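Reading through the structure tokens given below for one structure.
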Amino acid sequence: DTGVSQNPRHKITKRGQNVTFRCDPISEHNRLYWYRQTLGQGPEFLTYFQNEAQLEKSRLLSDRFSAERPKGSFSTLEIQRTEQGDSAMYLCASSYPTVGYTFGSGTRLTVV
Amino acid sequence: QQQVKQSPQSLIVQKGGISIINCAYENTAFDYFPWYQQFPGKGPALLIAIRPDVSEKKEGRFTISFNKSAKQFSLHIMDSQPGDSATYFCAASKGETSGSRLTFGEGTQLTVNP
């Protein structure tokens, strides 16, 4: 296990379609985070899990967004009825208390 | 509300020079201040971090200076190299230090000319 893995790396979808991204964290990390990063900006927090419990959601996470982390292992982020404004890099990170974040390489979403 | 403000937006430095990036924060509950380096197409990678009980931390060519009363912290890159060319983000979190949600600055695009 060498890091946080995200799939797919790139996704192009038509407006209105649903998309799902997957994140596999570092196995011993109990916290998992999703962030969104648009061009020229810093990452913005979306949500985080401690084990399988979703403990916090940003108001950026509209009703069209849902995240899950079944069994406290991998996580999925689904966006329903995508809009052009959803185009961004979606970053996953994992951590353990007293150990800093490790980010994945992200999934770049383009909505056309 | 932008809780962590970063400057400059872009920075050009000659090889061997010192790169300085500054951040200011508003929330006095923040107690962990990391810096991240990001290359195109990659996620941010932790460079160095500091807690408010110290005023400076050095790791190799990278130093964080922290001014608690001014609510400011900065990253200094000594002997800057072309391989340091990347986007740098400061961040802050509160509560459970390194395991908590991060608030990022807007980023600084650093270019080191050979």
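Residue numbers (our numbering), protein chains in the order written: chain A, 1 to 112; chain B, 113 to 226. Where is the CB? At the ideal position from N, CA and C, for every residue including glycine. Predicted model, so just to flag it, every value in this text is computed and none were measured.
Name, please, each residue of chain A whose Cβ falls closer than 8 angstroms to the Cβ of residue i.
i	result
B/Leu123	Those within 8 angstroms of B/Leu123 in chain A number zero; the least Cβ separation is about 15 angstroms.
Whose Cβ in chain A lies nearer than 7 angstroms to the Cβ of residue i?
i	result
B/Ala141	Near B/Ala141 there are no residues of chain A at all, since even the closest Cβ is about 15 angstroms away, more than 7 angstroms.
B/Lys154	Ser105
B/Pro146	Gly100
Give me the residue from the options with the minimum Cα distance to residue i.
i	options	result
A/Thr107	A/Asn18, A/Tyr90, A/His29 and A/Arg36	A/Tyr90
B/Asn225	B/Ala182, B/Gln115, B/Gly128 and B/Phe151	B/Gly128
B/Gln115	A/Glu44, A/Gly100, A/Asp86 and A/Ser5	A/Glu44
A/Tyr96	A/Phe65, A/Asn51 and A/Arg36	A/Asn51
B/Gly219	B/Asn134, B/Ser212, B/Ser181 and B/Ser192	B/Asn134
B/Met190	B/Ala157, B/Ile176 and B/Gly217	B/Ile176
A/Phe21	A/Thr13, A/Lys14, A/Pro8 and A/Arg64	A/Pro8
B/Lys117	B/Phe216, B/Ser197, B/Gln149 and B/Thr223	B/Phe216
A/Val4	B/Ser131, B/Lys154 and B/Leu222	B/Lys154
B/Gln121	A/Gly40, A/Pro25, A/Thr13 and A/Lys11	A/Gly40
B/Ser212	A/Ile12, A/Leu61, A/Phe49 and A/Val19	A/Phe49
B/Asn201	B/Lys169, B/Ile162 and B/Leu187	At residue 201 of chain B the sequence reads Phe, which differs from the Asn that was named. Selected option, being the one with the closest Cα: B/Leu187.
A/Asp24	A/Cys92, A/Val99 and A/Leu109	A/Cys92
Specify, as a first and last residue, the run of the beta strand (DSSP E) that residue i falls within.
i	result
B/Arg173	Premise fails: B/Arg173 is in no beta strand (DSSP E) and is neither H nor E.
A/Arg69	Premise fails: A/Arg69 is in no beta strand (DSSP E) and is neither H nor E.
B/Gln150	Phe142 to Gln150
B/Arg190	Looking at the sequence itself, residue 190 of chain B is Met, so the reference to Arg does not match. Looking at the DSSP string, B/Met190 is not in any beta strand (DSSP E), and its letter there is neither H nor E.
A/Glu56	Ala53 to Lys57
For residue i, which residues in chain B fall below 9 angstroms Cβ to Cβ?
i	result
A/Gln41	Phe216, Glu218 and Gly219
A/Leu91	Gly155 and Pro156
So residue i contacts chain B; which residues on that side make the cut at Cβ distance below 8 angstroms?
i	result
A/Glu56	Arg213
Using 8 angstroms as the threshold, is the stretch 23 to 31 of chain A in touch with the stretch 79 to 87 of chain A, meaning 3 or more CB pairs across them? no
Is there contact between the stretch 191 to 207 of chain B and the stretch 143 to 163 of chain B, where contact requires at least three CB pairs shorter than 8 angstroms? yes
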